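*Asks:* For the sequence shown, position 36 (counting from the first letter as 1) is numbered 41 according to this note's numbering, and the numbering increases by one without interruption. Don't be surprised by glycine CBs; every beta carbon is placed ideally from N, CA and C. Here the structure is a predicted model, which is why all the values come from computation and not from measurement. Sharing a structure below in structure tokens format, with a few things to ask.
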Amino acid sequence: MTNPYEFILFYDGHCPICRKEVAWLKFKNKQGKLGFQDINDDGFKPENYGKSFDDLMAEIHGQYPDGRVIKGVEVFYAAYRAVGLGWLIAPVRWPILRPLFDGLYLLFARNRLRLGRLFGGDACRDGLCDSGSGKLK
């Protein structure tokens with residue numbers, strides 16, 4: 006069975022900011038070239054991709070149809086490209102700006118649940134977090 010997608014985005018469905026971004030990308034995914042995989046789904050097995058759950062929680066990942074798994078800012082470019090908006094995020098790949106975007110993304114990734122709560126999201130819905138810590142169980 007072949008993969009019908011140009012790219013599959015692995016995302017944290019417990020992250021409020023991530024959920025909003027995925028909703029927007031799904032809206033823009035008119036041609037269906039971008040696939041979506043919540044890493045928190047019961048049937049999802051990170052080891053099938055050579056990763057641990059902690060790897061996937063630490064940084065965004067995605068997969069090309071040939072099986073290549075990528076991570077970080079490059080994932081955003083691939084996802085946006087799949088929905089026809091690669092031009093919008095192309096500067097993240099420019100050699101002079103790439104280190105800046107990589108660093109900013111890693112800072113965001115480490116703090117995304119806290120930032121989500123700050124902006125009104127609920128990362129700890131349905132009792133998925135330890136009380137008060139903001140860390141997923």
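Which residues in the same chain have their Cβ closer than 8 Å to the Cβ of Phe41, if we skip the five residues on either side of it in sequence?
*Replies:* Position 36 of the sequence shown, counted from the start, is the residue given in the question as residue 41. Excluding residues within five positions, the ones whose Cβ falls inside 8 Å are Ile13, Leu14, Tyr16, Val27, Leu30 and Lys31.
*Asks:* Tell me the residue span of the beta strand (DSSP E) that contains Phe41.
*Replies:* Mapped onto the sequence shown, residue 41 falls at position 36. Unbroken beta strand (DSSP E) run through Phe41: Leu39 to Asp43.
*Asks:* Work out the CA separation of Gly91 and Tyr85 for me, nearest whole Å.
*Replies:* As a working note, residue 85 is residue 80 in the sequence shown. As a working note, residue 91 is residue 86 in the sequence shown. Taking the straight line from one Cα to the other gives about 5 Å.
*Asks:* Can you tell me the Cα-Cα spacing of Pro104 and Pro9, whole angstroms?
*Replies:* Position 99 of the sequence shown, counting from 1, holds the residue named residue 104. Position 4 of the sequence shown, counting from 1, holds the residue named residue 9. For the pair Pro104 and Pro9, the Cα-to-Cα distance works out to about 32 Å.
*Asks:* Using the C-alpha atoms, what's the distance from Ile75 back to Ala87?
*Replies:* Numbered from its first residue, the sequence shown carries residue 87 at position 82. Numbered from its first residue, the sequence shown carries residue 75 at position 70. Going from the Cα of Ala87 to the Cα of Ile75 covers about 15 Å.
*Asks:* Since I believe Ile22 is in contact with Gly121 (beta carbons under 8 Å), could you give me their beta-carbon distance rounded to a whole number of angstroms?
*Replies:* Counting from 1 along the sequence shown, the entry for residue 121 is found at position 116. Counting from 1 along the sequence shown, the entry for residue 22 is found at position 17. Going by Cβ atoms, the distance from Gly121 to Ile22 rounds to 5 Å, so yes, they are a contact pair.
*Asks:* Give the DSSP-derived three-state secondary structure of Cys20 in the structure shown.
*Replies:* In the sequence shown, counting from the first residue as 1, residue 20 sits at position 15. Three-state result, Cys20: coil.
*Asks:* With DSSP as the reference, please indicate the residues paired to Ser15 in a beta bridge.
*Replies:* The residue you call residue 15 lines up with position 10 of the sequence shown. The amino acid at residue 15 is misidentified as Ser; the sequence shows Phe. Phe15 pairs with Gln42 and His66.
*Asks:* Between which two residues does the beta strand (DSSP E) harbouring Ile75 extend?
*Replies:* For the purposes of this step, residue 75 is identified with residue 70 of the sequence shown, where counting begins at 1. Element bounds for Ile75: Val74 to Lys76.
*Asks:* Measure the C-alpha to C-alpha separation of Glu11 and Arg119 and round it to an integer number of angstroms.
*Replies:* In the sequence shown, counting from the first residue as 1, residue 11 sits at position 6. In the sequence shown, counting from the first residue as 1, residue 119 sits at position 114. Going from the Cα of Glu11 to the Cα of Arg119 covers about 32 Å.
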